[in-house]
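J.: In this note's numbering, the protein residues as written are 592 to 702. Glycine included, every Cβ here is placed at the ideal spot set by N, Cα and C. It should be emphasised that the depicted structure is a prediction, and the values quoted were computed from it without experimental measurement.
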């Protein structure tokens, strides 16, 4: 299964805040058509609606992309972070995912 949230989110023109993040499954057909331009063999019914939300960007439109940011969050005086945030991971994120996971694991296994 492929989890797809990109392009399925409702663009609200008003109403409550929750409406900004609802996934509109009626847009799925258009999403399938777009994906099939580069993946013609995409099987029907394999996309699953995922979340819709805010995706942080490190640069503004027109600026050069910045490298990935891996930001540990510590609570108290512990040596291990309670959480790790990853920012700026866009197109090359899949290619770099093993290296990113290794870097996060190293932070989480700190002694």
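#1: What do you get for residue 638, buried or exposed, if any count of 16 or more other CB atoms within 10 angstroms of its CB means buried?
#2: Per DSSP, what are the beta-bridge partners of residue 701 in this structure?
#3: Could you spell out the range, first to last residue, of the alpha helix (DSSP H) harbouring residue 622?
#4: Straight-line CA distance for residue 720 to residue 699?
T.: Let's see:
#1: buried
#2: Answer is none; residue 701 lacks a bridge partner.
#3: 619-627
#4: The structure shown does not extend to residue 720, since the chain spans only 592 to 702, so no value can be given for it.
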